[in-house]
Every structure is written in C-alpha cells, then in structure tokens.
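See structure below.
Numbering (the numbering used here), first residue to last: 91 to 338.
Here it is, written out as structure tokens:
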C-alpha cells in the first residue's frame, strides 16, 4: 500500500475526517462556504502550503496554516468556527488542528475529497471517498484513491493514495523540487521559462518540467524545476521578486 493522506470534508455535517497511511487519523469540525460563496465539491490536490498567509481577495484576512486547493481562492486554513458555514469558500478548521494537519500533508501524497453528503464517522467518510474517486467515467488526471484492505478494529476501509497520474515521478531523496508558475497552456509555461532563463542563466543547468493538472474544471500546466539546490534557487528568485514555492 502506498502511504499518504486523505482528507474528507462533509459540508452537510460540517466535519472533516483525515486518514493517514490508510488508517483513520483525526477528525474535526469545520466551517465551509456560506450561501453565495459555496465551497466546491470534488477531489482536489494540495497545490500550495504556507504557515503564514493572507487573503488576496478578502481584505488581507489572515489564513494561518493555509493549504491551497484551487488557484481561485479555495484553501484549508485555521479560522473561526461558529458552528455553521460562514467562510467565503475556504474550509476553516481549529488552529491546533490546522497546525497538526499542516505537518501531516505533502503535496505529492495528499487528496482532499469535499462532499455535500452527510457523514458521521471515518467509516462512512472512507466509503464515500472511494465512491467519489471511482466514478463510472473517471478522469484519469484527477487524484485517485483505492481501497487496500479492511481494518478489523475500526471496520473502516484502509485508504491508499495514488498520486496524480499526470504528475512527474517522485524525485530522488537528494533532489528538491520547486514550482515556478501555473500556466494555462504549455506554450505559456515555456515562454515563462524562457524569460526566467534569460534573467537567471543559472536556471539552464537545472531540470525543468511542465506538468498538466486539473483544478476544478480548468486545466493548468505546472512549471517546475528539480535540482539538489532547488530550494536555494527559489529563495534567490524570491529575493529578485519572482514568485515560487517548494513542493518537494
């Protein structure tokens, strides 16, 4: 069984159920999107993580332990939970839970399932997640989940995470990966890369990849580099005003 993290969010129950390496890990109350700002349902990857983040859309509001699900503003983060849907689309969780969850997830091995159905336990959440991840006409580009075995103690299905099929193979342990941009086409990604190399010639010595990924109904192309010192390169780029973030 492959290791990883599965997060299941029930908008109807306002609960989150988390599986770690196929076993139930923790659960928590949540506050999802209020009327007019509904949290979208579906299966999402973790696109970006930041311990300290502020909203670009809503008055610079703080979003501690932010884990981005979509590029148009949907994320999991610490926030106020009044006991009902109250956010602008994000999934709020208690501060201590947000911190613990942030430490558990990895962009390459986490899937987030958001549903409108009511859930009352890890067992029902696991079954729902598997049914969500295995539609009759599955989109092979979306995060995939599979059942590995049955847990006798909890009667909950063990969930194995299978990474995005379009993602590059995991980097070797001595390599680091950084995302430079999410473009709307391969040509746009290549043009962005050419501009970066012209400004930072040292980038010509690292491995570049352009990887497709579907977020909601939109397809993006992730421009990434992999190298032993990719994180240091990203820090240097940030100092020069170029956005980037570490993904592995």
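We treat Cβ as the ideally placed atom computed from N, Cα and C, and that holds for glycine.
- Across the set 134, 139, 326 and 99, the C-alpha of 99 shows the shortest separation from the C-alpha of residue 122.
- Here residue 331 is exposed, its C-beta having fewer than 16 other C-beta atoms within 10 Å.
- Per DSSP, residue 104 is not a residue of any beta strand (DSSP E), being assigned neither H nor E.
- Residue 131 and residue 209 do not touch by the CB rule: their CB atoms are close to 13 Å apart, not below 8 Å.
- For residue 266, the number of other beta carbons within 10 angstroms of its own is at least 16, and it is reported as buried.
- With respect to residue 303, residue 297 sits apart: the two C-beta atoms are not nearer than 8 Å.
- Apart from sequence neighbours up to five positions away, the residues of its chain that approach residue 124 with a beta-carbon distance below 6 Å are 175 and 176, ordered along the chain.
- In this structure, DSSP gives residue 298 an extended state, which the three-state scheme calls strand.
- Every unbroken stretch of the beta strand (DSSP E) spanning 3 or more residues and falling wholly within the region 170–203 is given here in chain order: 181–183.
- According to DSSP, residue pairing for residue 311 in a beta bridge involves 273 and 302.
- In the three-state reduction of the DSSP assignment, residue 164 falls in the coil class, being assigned neither a helical nor a strand state.
- Buried is the label assigned to residue 101, since at least 16 other Cβ atoms lie within 10 Å of its Cβ.
- Within the DSSP bridge table, the entry for residue 123 names 177 as partners.
- With a 10 Å radius around the Cβ and a threshold of 16 neighbouring Cβ atoms, residue 285 comes out exposed.
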